[in-house]
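*Asks:* Shown below is the structure under consideration.
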Amino acid sequence: MKLVNKVILLLLVTCQCAWSQPAFDTANELYRKGDFAKAAEAYESLLKTGKESAEVYFNLANAYYKQNKVAPAIYNYEKALLLDPNDAEIKNNLSFAQKMQIDEIKEVKNVGLQNWVRQITLVVHYNTWAMIAVGFSTLFLLLFLGYYFTASTLFKRIFFGGMLLVLLFLLLSILAAVFERGIYQSERPAIVFSASVGVKSEPSQNVEDAFVLHEGTKVHVVESLDDWRKIELPDGNQGWISHEAIRELK
Amino acid sequence: MKKYILIFLLSFQSILAQVQFEARTSRPSLGVNETLRVDFVMNADGDNFTPPSFEGFRVVGGPSQQVSQSWVNGKSSFNKVYSYFLMPMQRGTLTIRQATIEINGQIYKTNPVRITVTAAVEKQRDPDDLTPTADESVHLVAEISKTSPFINEPITVVYKLYCGFDIGISNWQELDKPKYNDFWSQNIEVPQKISEGEYKGERYRYIILKKVVLYPQKAGRLEIEPLSLDLAVEIPSGRRDFFGRAQIKQENKRVSAGAKTINVKPLPESGRPDNFSGAVGKFDFTVTPSKTNIKHGESLDLVVSVSGTGNLKLFDLPKPVVPTALEMYDPVHNENVRTPLSGMTGRVSDTYTIVPGFKGNFTIQPMSFTYFDPSAGRYKTLTSKEIVLRVIDGPGLAQNQSAASGVQKQQVQASEQFQFIKLKTELKSANRKDFFGSTSFYTLLLLPMLAIPAVVLIRRKKHAADSDIMGNRARRSDRLARKYLSEAKRQFANKEMFYVALEKALHNFLKAKLHIETSEMSKERIREILLEKNAEPQTVDSFLKLAEDCEFARYAPSSTGAIQHDYDKAAAIISSLEKQL
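Residue numbers (the numbering used here), protein chains in the order written: chain A, 1 to 250; chain B, 251 to 831.
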């Protein structure tokens with residue numbers, strides 16, 4: 001009985017895969033024909049099935065870009081980058097979309113040891129760091145076997161030294177994964193969707209605007225209070241914004 | 251004592267006898283169209299009276315003298331007055347300077363008097379005065395188009411001077427120019443032309459003196475100050491001269507259009523959009539770029555213009571919002587507005603110069619302009635269309651040199667271009683679990699670590715087993731027996747089959763060990779070969795005996811115990827033969 005269940009499940013999974021790829025292809029076909037609005041709809045409905053990939057987000061963002069919709073384009077490029085942080089094409093098209101946005105915000109580079117460490121850990125996702133750690137663990141076992149079974153003293157020494165080195169790398173990659181996940185969980189990036197929205201110094205509608213943001217600008221949510229979100233800009237400015245004006249990426 | 255009182259009384263008398271000379275005015279403040287009487291009063295007769303110059307006034311009467319002397323109870327009192335009637339020439343605070351007189355050889359002066367002159371006041375007509383005057387035939391009227399406008403809704407004030415047919419006006423002078431506080435005002439030049447019209451049911455000649463368009467800037471009750479004129483009027487006196495011609499009397503007359511109060515309504519608060527910048531009227535709003543397809547380095551002009559009727563000069567035009575990739579310079583403001591009596595009409599525009607910095611399509615957001623339509627009584631919003639600019643060239647783009655030159659090889663430059671969509675994908679579930687921190691992660695991480703002690707343990711055991719030689723041998727023969735006798739063991743229940751299998755097993759053993767064919771198998775031959783291979787004769791005997799028994803036992807009745815016994819025996823023989831060979 002169990003076997004039958006498994007077979008059915010397997011069939012369903014393969015069906016779904018076989019069904020998703022054509023949906024992706026039809027959306028691509030619409031895009032190729034220049035019907036960007038319909039293509040965007042098709043990608044959105046594909047995402048609604050609970051499946052995602054960096055490519056779908058990328059293509060969807062392209063479809064929005066072609067319709068000159070800045071905020072949804074930037075939002076989906078950023079989504080794609082979350083899944084695939086090193087893709088050059090996504091970064092390239094994102095910079096195109098960012099040229100359409102109205103706000104220009106100077107990024108203040110923060111320096112220091114933490115930033116330097118971040119430069120290294122940022123290279124891959126923390127799940128990849130975890131996989132690297134598993135790889136080092138396996139390598140450690142292989143080196144141990146070499147050490148244990150070889151007869152020559154020279155080889156024994158080499159294998160033992162390798163073991164110590166691999167153990168160090170293993171610990172470092174686990175630390176990198178922990179560090180990177182900590183940052184990932186503390187960051188709450190969001191994209192401004194309102195065409196123009198005032199950022200207040202207090203979470204109240206009756207306060208004067210501290211500054212005004214336009215659609216497509218990326219902000220970081222720092223705090224929440226009822227329907228208000230405290231945001232921080234890359235240049236360090238902070239303020240309160242209505243939660244309807246922005247959409248969070250995570 | 252009496253002496254002192256006398257001296258005191260005498261000194262008192264001397265005070266009473268002191269000369270007094272002072273200026274008295276009939277009122278401290280007056281309107282610019284009213285008259286003032288000034289009296290210079292003295293209580294002793296004097297000579298050489300000098301009146302002041304009366305700067306800012308015109309003397310319309312006087313000087314007149316009045317002297318009175320009376321004796322009461324033997325005491326004489328004397329009083330002499332010089333009177334002047336004055337008319338102010340301008341508004342403000344005027345000073346009547348000192349007058350001087352010489353009394354008993356000494357010069358006395360009056361104190362200067364300050365007079366406040368206010369705007370023209372409306373005069374009450376004296377109902378008892380029946381004499382016909384210029385008042386009845388000359389009228390200055392201010393006509394106001396609307397008395398309750400909205401803020402910034404234009405109203406017009408037209409000043410008309412009506413004049414009866416029987417009198418003439420030879421000259422006029424504006425005394426008091428009205429100030430339109432809280433209004434934005436525009437004077438309209440009018441040709442001075444005499445026309446005929448009716449005023450209060452009578453026919454008059456009239457002249458339009460002045461036209462003003464006013465835009466109220468404040469809500470509430472606002473007052474328009476009256477205009478005052480000083481007219482030189484020629485009135486027929488009713489008498490005729492020697493030749494029978496009508497005698498004409500010259501007279502100066504002041505007229506003023508009464509002050510008017512205007513009730514300005516504030517713009518409604520309800521439904522006021524955020525981007526309302528104070529425009530009131532009827533407008534048209536356009537945003538036009540000079541071109542939408544441009545090359546890099548070229549510029550374009552974006553014209554934001556509002557045209558129509560209303561307070562065109564009194565509001566700000568909306569500013570366009572452009573992406574950072576476009577560089578926008580400060581606008582050039584342009585006004586083309588005429589002001590007829592109906593209010594400002596024309597067109598105001600801001601021209602922005604935009605220079606694109608990058609290749610691509612850029613959107614200029616739709617702009618909206620809100621104004622208040624006083625005739626509809628509500629706010630209206632006009633929104634421009636979204637403008638998409640196509641910048642054809644851009645920095646970093648490969649230069650399309652013609653390949654016609656042929657000789658030079660063209661280097662293909664990777665240009666910064668908008669990338670096409672991706673065609674392949676691998677979909678994953680959106681809410682999948684993180685690998686880091688999952689059970690499988692920990693398992694995979696720790697499994698190699700746990701494998702290390704396992705490897706050590708296995709190797710130790712192997713060493714121990716390798717060192718135990720006797721046990722090893724035994725184990726090996728056991729294994730052999732198992733190998734050959736496994737079939738026989740399975741047939742334990744069936745006696746006949748068991749012995750067939752057992753016999754076959756023995757044959758197989760010999761085949762494997764001695765490399766002989768089944769056809770060669772005879773007892774003698776087996777014994778010969780086995781002995782040749784150094785097997786003990788005793789074991790060879792028991793082997794052959796067992797083979798013989800197998801054939802025999804197949805047909806003879808035997809018990810399960812015998813089967814077990816034969817099986818064990820076969821195992822023992824095979825293993826001992828194995829050792830010996």
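In this text, a Cβ means the ideal position worked out from N, Cα and C, and glycines have one as well. Quick caveat, the model's predicted, so the values are computed rather than measured.
Can the beta-carbon of Leu481 (chain B) be found less than 8 Å from the beta-carbon of Lys503 (chain B)?
*Replies:* In the second sequence, the residue the question calls residue 481 (chain B) occupies position 231. In the second sequence, the residue the question calls residue 503 (chain B) occupies position 253. Contact flag set, yes.
*Asks:* Got a sec, what are the start and stop residues for the beta strand (DSSP E) Leu837 (chain B) sits in?
*Replies:* For chain B, the structure presents residues 251 to 831; residue 837 (chain B) sits outside this window and is missing.
*Asks:* Just the Cα atoms here: how many angstroms apart are His243 (chain A) and Asp227 (chain A)?
*Replies:* Sequence index remark: in the first sequence, residue 243 (chain A) carries index 243 (1-based). Sequence index remark: in the first sequence, residue 227 (chain A) carries index 227 (1-based). Spanning the two alpha carbons is a distance of roughly 5 Å.
*Asks:* Could you tell me whether the Cβ atoms of Glu386 (chain B) and Val408 (chain B) are closer together than 8 Å?
*Replies:* For this step, residue 386 (chain B) is matched to residue 136 along the second sequence. For this step, residue 408 (chain B) is matched to residue 158 along the second sequence. No.
*Asks:* Output needed for Ala369 (chain B): all residues of its chain with C-beta closer than 7 Å, excluding positions within five of it in sequence on either side, in chain order.
*Replies:* Taking the second sequence and counting its residues from 1, one reaches residue 369 (chain B) at position 119. So the qualifying residues of the chain are Gly281, Val282, Arg341, Asp426, Glu475, Pro476.
*Asks:* What is the residue span of the beta strand (DSSP E) that His583 (chain B) lies within?
*Replies:* Your numbering for residue 583 (chain B) matches position 333 in the second sequence. Run containing His583 (chain B): 582-588, per the beta strand (DSSP E) assignment.
*Asks:* Have a look at Gly547 (chain B) and Ile642 (chain B) and give me their C-alpha separation to the nearest angstrom.
*Replies:* In the second sequence, the residue the question calls residue 547 (chain B) occupies position 297. In the second sequence, the residue the question calls residue 642 (chain B) occupies position 392. If you take the alpha carbons of Gly547 (chain B) and Ile642 (chain B), they lie about 10 Å apart.
*Asks:* Could you pull the start and end residues of the beta strand (DSSP E) that Tyr332 (chain B) belongs to?
*Replies:* Taking the first residue of the second sequence as position 1, residue 332 (chain B) is located at position 82. Counting along the chain, the beta strand (DSSP E) containing Tyr332 (chain B) begins and ends at 325-338.
*Asks:* Looking only at its chain, what residues have a beta carbon closer than 7 Å to the beta carbon of Leu735 (chain B), apart from the 5 residues adjacent to it on each side?
*Replies:* Here residue 735 (chain B) is taken as the residue at index 485 of the second sequence, counted from 1. For Leu735 (chain B), where only same-chain residues beyond five positions count, the Cβ hits under 7 Å are Ala755, Tyr817, Ala820, Ala821.
*Asks:* Tell me, please, whether the CB atom of Lys672 (chain B) is closer than 8 Å to any CB atom in chain A?
*Replies:* For this step, residue 672 (chain B) is matched to residue 422 along the second sequence. Answer yes: the Cβ-Cβ gap between Lys672 (chain B) and chain A drops below 8 Å somewhere.
*Asks:* Mind checking Gln101 (chain A): buried by the 16 CB within 10 Å criterion, or exposed?
*Replies:* Position 101 of the first sequence, counted from the start, is the residue given in the question as residue 101 (chain A). By the neighbour-count rule (16 or more Cβ atoms within 10 Å), Gln101 (chain A) is buried.
*Asks:* List the endpoints of the continuous beta strand (DSSP E) containing Val197 (chain A).
*Replies:* Along the first sequence, read from residue 1 onward, the residue named residue 197 (chain A) stands at position 197. Unbroken beta strand (DSSP E) run through Val197 (chain A): 196-200.
*Asks:* Any heavy atom of the ligand ATP within a distance shorter than 7 Å of the CB on Ala785 (chain B)?
*Replies:* Here there are no bound small molecules, and the ligand ATP is not part of this structure.
*Asks:* Secondary structure at Phe415 (chain B), three-state DSSP: helix, strand or coil?
*Replies:* Numbered from 1 along the second sequence, position 165 holds the residue referred to as residue 415 (chain B). If DSSP states are grouped into helix, strand and coil, Phe415 (chain B) belongs with coil.
*Asks:* Select from A:Lys51, A:Ala63, A:Glu52 the residue whose C-alpha is nearest the C-alpha of Arg32 (chain A).
*Replies:* Within the first sequence, residue 32 (chain A) is the residue found at index 32, counting from 1. Considering only alpha carbons, the answer is A:Ala63.
*Asks:* Let me see if you follow: with CB-CB separation under 8 Å, is Val657 (chain B) close to chain A or not?
*Replies:* Indexing the second sequence from 1 puts residue 657 (chain B) at position 407. With a pLDDT of 43 at Val657 (chain B), under the threshold of 50, the modelled position of that residue is not reliable, and the figure given next carries that caveat. Not closer than 8 Å to any Cβ of chain A, the Cβ of Val657 (chain B) fails to qualify, so no.
*Asks:* May I ask which residues mark the beginning and end of the alpha helix (DSSP H) holding Asp799 (chain B)?
*Replies:* If you number the second sequence from 1, residue 799 (chain B) lands on position 549. First-last of the alpha helix (DSSP H) with Asp799 (chain B): 787-805.
*Asks:* Of the residues B:Pro573, B:Gly593, B:Val367, B:Pro590, which one's Cα is nearest the Cα of Gln615 (chain B)?
*Replies:* Here residue 615 (chain B) refers to the residue found at position 365 when the second sequence is read from its first residue. Nearest of B:Pro573, B:Gly593, B:Val367, B:Pro590 to Gln615 (chain B), Cα basis: B:Pro573.
*Asks:* Is DSSP giving Ser53 (chain A) helix, strand or coil here?
*Replies:* Within the first sequence, the letter at position 53 stands for residue 53 (chain A). Three-state result, Ser53 (chain A): coil.
*Asks:* For Leu576 (chain B), which of B:Leu567, B:Leu562, B:Pro301, B:Asp551 has the nearest alpha-carbon?
*Replies:* Looking up residue 576 (chain B) in the second sequence gives position 326. Of the listed residues, the one whose Cα sits closest to Leu576 (chain B) is B:Asp551.
*Asks:* In chain order, what residues of the same chain have a beta carbon less than 7 Å from the beta carbon of Val166 (chain A), not counting five sequence neighbours either side?
*Replies:* In the first sequence, the residue the question calls residue 166 (chain A) occupies position 166. For Val166 (chain A), where only same-chain residues beyond five positions count, the Cβ hits under 7 Å are Phe136, Leu139, Phe140, Leu143.
*Asks:* Rounded to whole angstroms, what is the Cα-Cα separation between Ala496 (chain B) and Gly418 (chain B)?
*Replies:* Along the second sequence, one-based indexing puts residue 496 (chain B) at 246. Along the second sequence, one-based indexing puts residue 418 (chain B) at 168. Computed Cα separation, rounded: 13 Å.
*Asks:* Tell me whether Ser95 (chain A) is buried or exposed, calling it buried when 16 or more other Cβ atoms sit within 10 Å of its Cβ.
*Replies:* For this step, residue 95 (chain A) is matched to residue 95 along the first sequence. Result: exposed.
*Asks:* Starting from the C-beta of Phe299 (chain B), find all residues in its chain whose C-beta is less than 8 Å away, skip the five residues before and the five after it, and write them out in chain order.
*Replies:* Stepping through the second sequence from its first residue, residue 299 (chain B) is reached at position 49. Result list for Phe299 (chain B): Phe290, Tyr332, Ala349, Thr350, Ile351, in chain order.
*Asks:* State buried or exposed for Asn525 (chain B), treating a residue as buried only when at least 16 other CB atoms are found within 10 Å of its CB.
*Replies:* For the purposes of this step, residue 525 (chain B) is taken as residue 275 along the second sequence, with counting starting at 1. Exposed is the call here.
*Asks:* When you compare only the Cα positions, how much space is there between Ala195 (chain A) and Met617 (chain B)?
*Replies:* On the first sequence, residue 195 (chain A) is found 195 positions in, with the first residue counted as 1. On the second sequence, residue 617 (chain B) is found 367 positions in, with the first residue counted as 1. One C-alpha to the other measures close to 11 Å.
*Asks:* Which residues bound the beta strand (DSSP E) around Ile367 (chain B)?
*Replies:* Against the second sequence, residue 367 (chain B) aligns to sequence position 117. Checking the displayed sequence, the identity of residue 367 (chain B) turns out to be Val instead of Ile. Taken as a continuous stretch (DSSP letters only), the beta strand (DSSP E) holding Val367 (chain B) covers 363-368.
*Asks:* Hey, out of A:Gly50, A:Val124, A:Leu213, whose CA is closest to Ala71 (chain A)'s CA?
*Replies:* Along the first sequence, one-based indexing puts residue 71 (chain A) at 71. For the residues A:Gly50, A:Val124, A:Leu213, the minimum Cα distance to Ala71 (chain A) belongs to A:Leu213.
*Asks:* When you compare the CB of Val554 (chain B) with every CB in chain A, is at least one pair closer than 8 Å?
*Replies:* Within the second sequence, residue 554 (chain B) is the residue found at index 304, counting from 1. It does not: the Cβ of Val554 (chain B) has no partner Cβ on chain A nearer than 8 Å.
*Asks:* Given Glu403 (chain B), which residues of its chain have a CB within under 7 Å of its CB, disregarding the five upstream and five downstream residues?
*Replies:* Counting from 1 along the second sequence, the entry for residue 403 (chain B) is found at position 153. So the list reads Val530, Pro624, once near-sequence residues are dropped.
*Asks:* Compare the C-beta of Thr14 (chain A) against all C-beta atoms of chain B and say whether one is closer than 8 Å.
*Replies:* Against the first sequence, residue 14 (chain A) aligns to sequence position 14. With a pLDDT of 47 at Thr14 (chain A), under the threshold of 50, the modelled position of that residue is not reliable, and the figure given next carries that caveat. No, its Cβ sits nowhere closer than 8 Å to a Cβ of chain B.
*Asks:* Between B:Ile824, B:Gln436, B:Ala273, B:Leu677, which has its C-alpha nearest Lys359 (chain B)'s C-alpha?
*Replies:* On the second sequence, position 109 is the one that residue 359 (chain B) refers to. Taking only the C-alpha atoms, the option nearest Lys359 (chain B) is B:Ala273.
*Asks:* Pop quiz: Lys527 (chain B) and Asp566 (chain B) are said to be a contact at Cβ under 8 Å. What is the actual Cβ separation, rounded to whole angstroms?
*Replies:* The count along the second sequence starts at 1 and reaches residue 527 (chain B) at position 277. The count along the second sequence starts at 1 and reaches residue 566 (chain B) at position 316. Looking at the sequence itself, residue 527 (chain B) is Ser, so the reference to Lys does not match. With a Cβ gap of about 5 Å, Ser527 (chain B) and Asp566 (chain B) count as contacting.
*Asks:* Applying a beta-carbon distance threshold of less than 9 Å, which residues of chain A neighbour Phe535 (chain B)?
*Replies:* As a first step, residue 535 (chain B) is located in the second sequence; it is residue number 285 there, counting from the start. Simply none; closest approach about 18 Å.
*Asks:* Tell me, please, whether the segment 121-135 of chain A touches the segment 172-180 of chain A by the rule of three or more beta-carbon pairs shorter than 8 Å.
*Replies:* As far as the Cβ criterion goes, the segment 121-135 of chain A touches the segment 172-180 of chain A, which means the pair count is three or higher.
*Asks:* In chain order, what residues of the same chain lie with their CB nearer than 8 Å to the CB of Tyr456 (chain B), ignoring the 5 residues before and after it?
*Replies:* Position 206 of the second sequence, counted from the first residue, corresponds to residue 456 (chain B). Excluding residues within five positions, the ones whose Cβ falls inside 8 Å are Lys410, Leu411, Tyr412, Cys413, Ile444, Ser445, Glu446, Gly447, Tyr449.
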